[in-house]
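**Q** Counting from 1, position 70 in the sequence shown corresponds to residue 136 in my numbering; the numbering is continuous, with no gaps. Don't be surprised by glycine CBs; every beta carbon is placed ideally from N, CA and C.
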Amino acid sequence: MQIADVQDDIDRVLLTKEQIEKKITEAAAVIDRDYKDKNVLLLAVLKGAVNTLVALSSHLHLNAQMDFMSLSSYGSGSESSGKVTIRQDMSVDVRGRHVLIVEDIVDSGLTLSWLMDLLHQRGAASVEAFALLNKPARNKVHVDVKYPGYEIPDEFVVGFGLDYDEKYRNLDSIAALKPKVYEGDQS
Ligand code: 5GP
């Protein structure tokens, strides 16, 4: 899906398909180099990071294994509480594995920080992260993201895996929605 398909709902485009592609290609080159002699396990957090995982993995030259996890962090409205629960766990035993978490966006940072701690507790040999987007103005905890993507302002964005009410995930760019889209939504 492209911007033209949802033009009426879009306030502005923050990142085009080309800009996303560029950043992911650059990160893939560094990851290829860093994990050259390691058997990397890419772990994506469902559902938002799926597009990023597919794009990143397709640019890697090394052979990467993939796994998925579904997490939820309960809080009021759009605020993450940091109390993360596992909806669906990964299927691989991470003991001794080099895990690279693939994230769509770091907002408070609480989810990623929690997940990194969990993987360390489970005995991973190393735990690093690639996050396509980060909102520094909203970070509540410092998370060491070794492979950062773009920094964006404090705005709710959709596209490239990110949804609003399960919509816009298949938009090929990243955009902010018009306020009218949220009107009437009290959550
Ligand atoms: P954190 O624990 O860092 O506060 O939350 C990260 C999660 O919040 C992301 O994986 C994503 O699901 C959600 N999130 C944070 N900001 C946005 C945003 O601007 N748009 C969308 N669609 N989801 C967001």
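#1: Near valine 168, which residues of its chain fall below 7 angstroms by C-beta distance, leaving aside the five closest residues on each side in sequence?
#2: Measuring alpha carbon to alpha carbon, tell me which residue in Leu243, Met67, Gly215 and Pro219 is nearest tyrosine 230.
#3: Measure how close the beta-carbons of valine 79 and alanine 241 come, nearest whole angstrom, since I'm counting them as under 8 angstroms.
#4: If you run the structure through DSSP and keep just helix, strand and coil, what is valine 120?
#5: Lysine 212 and histidine 164 look like a contact to me (Cβ under 8 angstroms); what is the Cβ gap, rounded to whole Å?
#6: Once you ignore the five residues that flank isoleucine 171 on each side, which residues in its own chain have a CB closer than 6 angstroms to its CB?
#7: Would you call the CB atoms of phenylalanine 226 and aspartate 238 closer than 8 angstroms?
#8: If you draw a straight line from the alpha carbon of valine 234 to that of valine 247, how long is it in whole angstroms?
#9: Using C-beta distances below 6 angstroms, list every residue in its chain close to asparagine 205, excluding the 5 sequence neighbours before and after it, in chain order.
#10: For methionine 182 and serine 192, what's the separation of their Cα atoms in angstroms?
#11: Between which two residues does the beta strand (DSSP E) harbouring lysine 246 extend?
**A** According to the structure data:
#1: Leu108, Leu109, Ala110, Ala115, Thr118, Leu119, Leu122 and Phe196
#2: Leu243
#3: 5 angstroms
#4: helix
#5: That belief does not hold up - the Cβ atoms of lysine 212 and histidine 164 are roughly 12 angstroms apart, past 8 angstroms.
#6: Leu199
#7: yes
#8: As written in the sequence, residue 234 is tyrosine, which differs from the valine given in the question. Cα to Cα, tyrosine 234 sits roughly 12 angstroms from valine 247.
#9: Gly175
#10: 10 angstroms
#11: From DSSP, lysine 246 is part of no beta strand (DSSP E) but of the alpha helix (DSSP H) over 245 to 248.
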